[in-house]
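Protein chains in written order, with numbering that gives the first Met the number 0: chain A, 0 to 513; chain B, 0 to 253.
Here's the structure, in structure tokens; my notes come after.
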Amino acid sequence: MLHIRELEPDSPYLIDESKIRGHGVRLLVPDTEADVIAAVRDAADHGIPLTVSGMRTGVCAGCVPEGGDVLTTEKMTAVTGVGRDGRGWFLRIQPGITVRQLNDFIRKKGYAQVVDVTPNAAAALTAEMKTYFYPVDPTELNSSLGGNIATNASGPRTFKYGPTRDWVRRVRVVLSDGSTVDLTRGQVRAQNRTLNLPTSAGLRTVHLPTYTYNRQVKNTTGMLTEDGMDAVDLFIGSEGIFGVITEADVYLAEAHPLMSNILFFPGDRDAYAFAAEFRRCGISSEFLEFFDSGSLNLIRASRLDNPRFTEMPDLPDYAGSALFFDLPYGPHLTDDYAQLAPLIAAHSGSLDRSWCGHELRDRERFFAFRHAVPQSIFDYVARLKGASPGIHKMGTDMSVPLDRLDEMMDDYDEVLKRYGLEYVIFGHIGNGHPHVEIILKDLDELNRAKQAYTELAQRAIALGGSPSAEHGIGKLKTDYVRLMYGDAGVAEIRRAKSELDPQWILSPGNMVTR
Amino acid sequence: MRFVVAVKQVPDTTLIRVDEHGSLIRQGIPAILDPYAEHALEAVLGLKKPGDTVTVVTMGPPQAEAVLRRCLEIGADEAYLLADAAFAGADVHATAKTLSVFVKRVVPDATLIICGKQAADGDTGEVPAELAQMLGISQFCYVTQLKRNGDGFLVTQDYGDEQRDCRVPAGSVLSVAEGDLNRRLPSIKRYLEATALPITVLNRVQLMLGAYSVGLKGSRTKIVESHAVRTVRTGKIFDGTDPVKAAAHLKEML
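Here you go:
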């Protein structure tokens, strides 16, 4: 049944983590794919924009409507099937299930209630002694899988496992005319840059853009396009502009015991110089996260009065920057450490100046440390807000190839200091993708930060990187699509959008404007 | 000084669930170092000076070696595992007996013998007191603070309704009730050192214990039956927005 409610101006369905508030008329809550089809057909018949919404954890206003109706997939949370193919186990899921719910489901082995997509799969997976999990960790575990797929979400573990795209086997999508398309990876490929989609209403042709999509770095700028591209990839990272995902198959990864580690270095440069060597030395880590001196100082300040930090160990005085990474816990661990020790020493670190832990309760403390950084930035901004209300922060999301990371770090320092802005740097350094959080004290700083941001985005592109590595474009970063692909590239994305959605009713305003 | 810390491997009780029959589901629950024992070890490591030795001991199956390894990672210097099929099924008495013999034969020079106040799985809290009784030495239970005081120590004991500060002579048994939640994490260097340290395994014969002194045979407690207790809360919720009415309600109830 399609539940329909009015959207009040203060409705939570009009806002996401970007804190941008949109406006809309109705909230549509489908229980089934048939409800989604009915909603899309109704929107098409009346020419009403329909913005697709998951759990609203995005930061680029992708689910924030600019009028029309909002369709939320939040009631479609089931795991419906289990199967196995040549690559491994996969689960068939509805789009509203969250990453946390999916991993809870896998942990509890709830396979008895689901359909066998391949013969005897549920029983065989139940009997498996190995532990499995869904490995993409978009940091926000309450994000929906549908949202993760629509944005090609990634996170710290992308270092080892890649982005969401690498874990999607199949998608089932409702297109703007209410027809459906069911695509399994390997079935439909583009002829050069032309895709013929076998929909329930016949073949639909989409011409893919001709620009070069950068897959050498973490990148969510614009739509993927490649010669011979798999049709599944058209919808992954498409930000809801081509269709509504109603079902998907996602692969599971085998879980291994892990040792969490934090290495402290005297300064920022020591840490990211070591990070570059770590990446090259071939040791398998789940992720590699960086915290600069500013981040550590904010944590120190928050520890004084925020009770959430109670269980976090004291940061040693000598800690000027830190790197956080997990290694497989097993017989090879001592060899891995032996290999790392001289590299650490070469960058003024030492095995003595570190924390490690392999029990769950210890590892939870490491993740508390990871989450302490955004929390302490929040605390700091809250403290400043007392002095000047309206204060905010701006986070960058740029990635560059690892061998250009040093230059990008220099650029961050140079540009942000030139604009007189306060900032901290932390995050996915292993993917050439640290986040820079610019702390804004007034409107003047906001304007300066916007200029600095554009300048940095241009530098990231010039270094072979992406201005939007994982947050996506949504409605906030459409300028960067133009920056990266030019007017011609934007026009080609618009053409693809018009081919699949001639009225532009699905999530209009995302990625490109009409 | 030589500090002997008796520790125990327990299932991580924060993860234990109960099935529909009220039985604990232990399958898939990781075994961890008992949190109270970890507090005890932390308390001792806080006192340790150069030249001191921290010895950890546990009685348990071979896999209990994992918690000893953790103690070494945190900072203990040496570890003993008392493992023998005959030790299985030991109650408080048999456990204290085995530990007391270990202390007498292996670490008779112990300056302090420290335990957690109880184990998170058994929850009896009686082993430290029985151990002290069997060794014929003083016991100081429910310790919340431990400091050096010349050749001896100063402790604060928390009995719930009263706190006591005591001078503790060397050669006593302590049980530690609480510790700093903000416990230390080992460094990688310490972890590597700990992996290289030996864990000495001693069996019943090596400890020169009689077969009828240990394990199930040496136990005085026989568990006849255990069952889950279900409690139903019959609490009522009153609207407390009007303080006058709320106070009247309270007065009526009292």
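Even for Gly, the Cβ is constructed at its ideal location relative to N, Cα and C.
Predicted model only: the values in this text are computed from it and were never measured.
| Check | Outcome |
| --- | --- |
| As an exercise, report each continuous beta strand (DSSP E) stretch of at least 3 residues that is fully enclosed by the segment 135-213 of chain B, in chain order. | 138-148, 151-157, 162-167, 171-175 and 198-201 |
| When you compare each of L415/A, G431/A, D15/A and R192/A to G227/A by their alpha carbons, which one comes out closest? | R192/A |
| Taking beta-carbon pairs under 7 angstroms, can you tell me which members of the segment 188-211 of chain B lie near chain A? | K188, Y190, L191 and T194 |
| Between R360/A and chain B, is the shortest Cβ-Cβ distance under 8 angstroms, so that the two count as touching? | yes |
| Measure from the C-beta of W503/A to each C-beta in chain B and report whether the shortest distance is under 8 angstroms. | no |
| Does M75/A pass the burial test, meaning 16 or more other C-beta atoms within 10 Å, or should it be called exposed? | buried |
| Does DSSP put L322/A in a helix, in a strand, or in coil? | strand |
| Could you work out which residue in S292/A, L194/A and V39/A is closest to E421/A when comparing CA atoms only? | S292/A |
| Grab me the residues of R203/A's own chain with a C-beta within less than 6 angstroms of its C-beta, minus the 5 sequence neighbours each way, in chain order. | L196 |
| Below 8 angstroms on the Cβ atoms is my guess for R369/A versus E310/A; work out the distance and round it to an integer in Å. | Rounded, the Cβ-Cβ distance is 13 angstroms, inconsistent with contact. |
| Considering only residues of the same chain and omitting the five flanking positions on each side of T224/A, which have a CB-CB separation below 6 angstroms? | L207, P208 and Y212 |
| Could you tell me whether any Cβ in chain B is nearer than 8 angstroms to the Cβ of S353/A? | yes |
| Which word fits L111/B, buried or exposed, when buried means at least 16 other C-beta atoms lie within 10 angstroms of its C-beta? | buried |
| Three-state secondary structure (DSSP) at R203/A? | strand |
| Scan the segment 300-334 of chain A for residues whose Cβ lies nearer than 8 angstroms to a Cβ of chain B and list them as they occur along the chain. | T309, E310, M311, P312, D313 and T333 |
| Would you call the segment 205-224 of chain B and the segment 92-104 of chain B in contact, with 3 or more CB pairs under 8 angstroms? | yes |
| Figure out for me which residue from V511/A, V205/A, R299/A and T125/A has the closest Cα to the Cα of Y110/A. | T125/A |
| Counting only beta-carbon atoms, is P29/B nearer than 8 angstroms to chain A? | yes |
| Run down chain B in chain order and give the residues with a C-beta less than 9 angstroms from the C-beta of L295/A. | Correct list: empty, because the minimum Cβ distance to chain B is about 16 angstroms. |
| According to DSSP, simplified to helix, strand and coil, what is F366/A? | helix |
| Could you tell me whether the Cβ of N102/A comes closer than 8 angstroms to any Cβ of chain B? | no |
| Check the C-beta distance from R4/A over to R25/A and give it rounded, since I have them as a contact under 8 angstroms. | 7 angstroms |
| Where do the N-terminal and C-terminal ends of the alpha helix (DSSP H) with K440/A fall, by residue? | From DSSP, K440/A is part of no alpha helix (DSSP H); its letter is neither H nor E. |
| Going residue by residue through the segment 233-284 of chain A, where are the continuous beta strand (DSSP E) segments of at least 3 residues, counting only ones entirely within it? | 243-250 and 257-264 |
| I need the straight-line Cα distance from E77/B to A254/A, nearest angstrom please. | 33 angstroms |
| Quick one: is N260/A buried, meaning 16 or more other Cβ sit within 10 Å of its Cβ, or exposed? | buried |
| Please report how far the alpha carbon of S142/A lies from the alpha carbon of M54/A, in whole angstroms. | 5 angstroms |
| Less than 8 angstroms between CB atoms is the rule here; does L383/A satisfy it with respect to chain B? | no |
| Nearest-angstrom Cα distance between D51/B and C114/B? | 18 angstroms |
| DSSP three-state label for R184/A, please. | coil |
| Provide the residue span of the alpha helix (DSSP H) that contains H45/A, from first to last. | E32 to H45 |
| Quick check on this structure: which residue in I14/A, M0/A and Y328/A has the alpha carbon closest to the alpha carbon of L475/A? | I14/A |
| A337/A to C280/A, Cα distance in whole Å? | 12 angstroms |
| Under the assumption that E491/A contacts Y250/A (Cβ atoms under 8 angstroms), give the Cβ distance between them as a whole number of angstroms. | Actually they do not touch by this definition, with Cβ atoms about 31 angstroms apart. |
| Taking 8 angstroms as the CB-CB cut-off, is Y212/A touching chain B? | no |
| Have a look at T155/B, G88/B, F86/B and P29/B and flag the residue whose alpha-carbon is nearest the alpha-carbon of V66/B. | P29/B |
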